[in-house]
Amino acid sequence: MSDWLLALLATLLFVALAPLFAAWVKRVKCWLQNRRAPSLLQPYRDLRRLFAKQVVMAQSASPLFVITPYVIAGATLLAAMVVPFIAVNLPTAAIADVIVLAGFFALARFFLALAGMDVGTAFGGMGSSREMTIAALAEPAMLTAVFTLAMVASSTNLSTVIEHILGQGLVLRPSLLFVLLALVLVGIAETGRIPVDNPATHLELTMIHEAMILEYSGRHLALIEWAAQLKLLIYAVLIVNIFFPWGIATHISATALGVSIAAVCFKLMVLGMLLAVGETVLAKMRLFRVPTFLVLALTLALIGLLSHIILEVG
Amino acid sequence: MLAQLPLDEQAILTLAALVMFTSFALLAQSRVVPMIHVFAWQGLLVAITTGLVAFASGKHDLYISALLTLLLKALFIPWLLHRLVTRLGIDRDEHGAEHPATVLLIGALLVIFCYYVAEPIRELSASITRNTIAISMAVVLLGLLMLVSRGKAVAQVVGFMSLENGLFFAAVAATHGMPMVVELGIAFDVLVAAVIFGVFFFHIRDSIDSLDVDQLNRLTEKDQ
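In structure tokens form, the structure reads like this:
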């Protein structure tokens, strides 16, 4: 029973920290670009404002348009439950494995793309088409990376994978190195960060994610934005907890959980800084170069898979 | 299994995988100057791997090979190529393959092919680096693929040199290096080849006014 309670608390903490992580990345970016940073609480204020606002909908909107924000938020919330955040072996982690996690993201993306086309504006359709182009290329790379992880740990369950990597101590694995790079590239593409998409602007020539949600307002928009921030945090937690799992709680006690929360916050802060540095030194690339970027991610994941088979098994 | 190996042998395997990755990076890179930089990184990685193999196996003459590789492949040849490219005024040209994504996937298939070819050799060998034989063969074939898929002379020379990196790596991985005399001879050959390639660049450009060797297929100046 206490396991379930802890799992619930971990998920709540996960969801609550998502806007803070986005704000942290923004703050570091501002420092690097010599601008004054907004308060770390600004995303929370934005969300409160949006929740309080009235919902305005296009006349041509169908019921699909209304349920989409709830489907997206629900699927992303379930995805957050599956990812081990501060402790392994929680009962929620056993519900679904990492392939289902990719499925949750695909479900959310499917509904978002449909809703983008639902109202019938030009921007929505354009955004949906771009999103699906990127998703069709990112998903094979993500799954190849996931299969490599599964081969290393002999399991597709995230909690088991983390325990396996934690249990073997410091081992230099070429396959994990490449999988890490591939997952970083896929994460950048899927969460719409520079150089694939720019989360800070509504520039009509280049926007992808923003183009699909242009018609949303009020609490619907708040749910979608929160889900986007949560997705970014999920990818960040996946990267830090799978590849640098040291510090995560393996048993339930107050000290282990305290250490785990401190460790994961520290790791996320470092990762957020790296993300901000990357976003500052890179320029957004042309949309037609994104497939090459994702083929690079697929190649990296494939090299990871091959180097596991060639170098590590025999 | 990997987890039972000592850390220096794990490092050798990781570096071997990184050498293979630089081969893929060479295949994907279309700009000339970054291509030369990647080639220099590959030379550096091969040199570090050789040094580590020398350390792990206790063969001291491999340190000399490592030093030679470092000086020649990581410093001198990239510097020479860089200077040539600047003097030819082509340092901002695109020298990419026509279908980079297809070439990358063919490269992945070549690695699988090498794995199957190297499997029987691996069974025979007892050395710690036996697993890297497939990787070094893959580096050779990826260099060959780069030679085949590129039309420009500079990219082909980089592909050739990376192929030579693969051969050297294979020698280090399979038999802990060749006899010192042979290795010195090959190093000297590569050095001379690099210098001669440089002279050839100017000759090719003088005679066909371009470094696109596909134009050498035609015998006459006129388009048929």
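Residue numbers (my numbering), protein chains in the order written: chain A, 1 to 314; chain B, 1001 to 1224. Ideal Cβ placement from N, Cα and C applies to all residues, glycine included.
Using three-state DSSP, classify A87/A as helix, strand or coil. strand
Continuous alpha helix (DSSP H) assignments of at least 4 residues falling wholly in the region 155-186 of chain A: 158-167
Output yes or no for whether 8 Å exceeds the beta carbon distance between Y1143/B and S1162/B. The sequence as given places Gly at residue 1143/B; Tyr does not occur at that position. Yes, the pair counts as a contact, with Cβ atoms nearer than the cut-off.
Measuring CB to CB, does I1036/B end up less than 8 Å from H1082/B? yes
Nearest by alpha-carbon distance to S2/A: which of K29/A, P91/A and I72/A is it? P91/A
For V1111/B, return the contacting residues in chain A, with the cut-off set at a CB-CB distance below 7 Å. L306
Simplified DSSP state of E131/A, which is helix, strand or coil: helix
For Q1010/B, go through chain A and note every residue whose CB falls closer than 7 Å to its CB, in chain order. V171 and L172
Beta-carbon separation (whole angstroms), E139/A vs V88/A, contact threshold 8 Å: Contact doesn't hold; Cβ gap of about 26 Å is too wide.
What would DSSP say about E215/A, mapped onto helix, strand or coil? coil
Helix, strand or coil, according to DSSP, for V48/A in the structure here? In the sequence as presented, Val is not what sits at residue 48/A; that position holds Arg. If DSSP states are grouped into helix, strand and coil, R48/A belongs with the helices.
Are the beta-carbon atoms of A22/A and L271/A separated by less than 8 Å? no
Counting only beta-carbon separations shorter than 8 Å, does L311/A have a partner in chain B? yes
Which same chain residues end up closer than 6 Å to V98/A when comparing Cβ atoms and leaving out the 5 residues on each side of it in sequence? V146, T156 and L158
What is the rounded straight-line gap between the Cα of A301/A and the Cα of N1165/B? 24 Å
Say whether chain A places a C-beta atom closer than 8 Å to the C-beta of Y1115/B. yes
Minimum Cβ-Cβ distance from M1146/B to chain A less than 8 Å: no
Can a CB atom of chain A be found closer than 8 Å to the CB of A1056/B? no
Going by DSSP, which residues form a beta bridge with D1212/B? K1152/B
Let's test the definition: count the other Cβ atoms within 10 Å of the Cβ of V277/A and tell me whether it reaches 16, buried, or not, exposed. exposed
Just to confirm my understanding: we take Q1156/B, look at its own chain, exclude 5 residues before and 5 after, and list those with CB closer than 6 Å. What are they? L1147 and R1150
Do the CB positions of L248/A and I86/A come within less than 8 Å of each other? The residue asked about is misnamed: residue 248/A is Ile in this sequence, not Leu. Yes, they are a contact pair.
Bridge partners of A23/A, per DSSP? Beta-bridge pairing links A23/A to no other residue.
Just to confirm the assignment, what range does the alpha helix (DSSP H) spanning V1103/B have? P1100 to L1124
Beta-bridge pairing of A249/A - partner residues as DSSP gives them: A87/A
Excluding the 5 residues preceding and the 5 following L1052/B in the sequence, name in chain order all residues of the same chain whose CB lies nearer than 8 Å to its CB. D1008, A1011, I1012 and L1015
Can you tell me whether E210/A is helix, strand or coil according to DSSP? helix
Closer than 9 Å at the beta carbon, the chain B residues around V295/A: A1028, P1100, A1101, L1104 and L1105
Have a look at I1106/B, I1135/B and D1206/B and flag the residue whose alpha-carbon is nearest the alpha-carbon of Y1116/B. I1135/B
How long is the line joining the alpha carbons of V100/A and F110/A, rounded to whole angstroms? 15 Å
Using a Cβ cut-off of 8 Å, pull out every chain A residue sitting near M1020/B, in sequence order please. I303 and S307
Strictly by DSSP, which residues pair up with E1094/B? R1031/B
Listed in chain order, which residues of the region 273-295 of chain A have Cβ atoms closer than 9 Å to some Cβ of chain B? P291, T292 and V295
What does T1049/B touch in chain A if you count any residue whose Cβ is under 7 Å from its own? Under the 7 Å cutoff, chain A gives no residues; its nearest Cβ is about 12 Å from T1049/B.
Should R130/A go down as buried or exposed, given a rule of 16 or more other Cβ atoms within 10 Å for buried? buried
Within 8 Å (strictly less), CB to CB, does T148/A reach chain B? no
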